[in-house]
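Asks: Per our numbering, the very first residue in the sequence shown carries number 18; after that it's consecutive.
Let me begin by handing over the structure; questions about it come next.
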Amino acid sequence: MNTKIFRTCLSFTATSLLGLVLAAGSAAAAETSFNVSLSSAGNGDPDGSGEGTVTIDSETNQVSWELGYANIAEPTAMHIHQGAEGQSGGVVVALTVDKGPDGKLVGLTNAPAEAVQAILASPSGYYVNIHNSEYRGGAIRGQLSN
């Protein structure tokens, strides 16, 4: 094989592989996951607890979650609210209370781009709140944390 052709093929292959690696890296970088540890806060259910993960994709503006809970009545609503620990705030992203086969709350929703960017810029300023008929203001809540 001609040396010039060989070098061209080698260069093309190396460039293609680099492109694939960078594309995979940027796709992975688009998703940010946050741990959530839920408990009673203030007026919530003193026996309630929960934990799980909220994942935000900054490219698609999609929010997904998998959250388990214990010792509270059946959830009727769930949201991401703006508010530092110990403070209440308005709803930023509505989440569904659909359950997966293991009983955990799971789902995926589209969020406004500005909400996604705000959460990613300061995740500890946002919390997940699980509501039920007994604790309409929130049975358990937990701040987003890395």
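No residue lacks a Cβ here, since even glycine has one placed at the ideal position from N, Cα and C.
Since we're looking at a predicted model, the values are computed, not measured.
Can Leu125 be considered in contact with the ligand ZN, in the sense that its beta carbon sits closer than 6 Å to one or more heavy atoms?
Replies: Ligands are entirely absent from the displayed structure, and the ligand ZN is therefore not among its contents.
Asks: Please name the residue in Leu137, Tyr144 and Ala94 whose C-alpha comes closest to that of Leu122.
Replies: One-based indexing of the sequence shown puts residue 122 at position 105. Of Leu137, Tyr144 and Ala94, the residue nearest in Cα terms is Ala94.
Asks: For Ala156, report the span of its alpha helix (DSSP H) as first-last.
Replies: Position 139 of the sequence shown holds residue 156. Per DSSP, Ala156 belongs to no alpha helix (DSSP H) and is neither H nor E.
Asks: Is Ala90 near Asn149, with beta carbons less than 7 Å apart?
Replies: Reading the sequence shown from its first residue, position 73 is the one you call residue 90. Reading the sequence shown from its first residue, position 132 is the one you call residue 149. Yes; because the gap between Cβ atoms is below 7 Å, this pair is in contact.
Asks: Tell me which same chain residues have a C-beta within less than 8 Å of the C-beta of Gln79, skipping the five on either side of it?
Replies: Reading the sequence shown from its first residue, position 62 is the one you call residue 79. The answer, listed in chain order, is Ile73, Leu125, Thr126, Asn127 and Ala128.
Asks: Mind reading off the beta-carbon distance from Gln160 to Ser141? Whole number of angstroms is fine, and I expect it under 8 Å.
Replies: Numbered from its first residue, the sequence shown carries residue 160 at position 143. Numbered from its first residue, the sequence shown carries residue 141 at position 124. Indeed, because the Cβ distance is near 6 Å, the residues count as touching under 8 Å.
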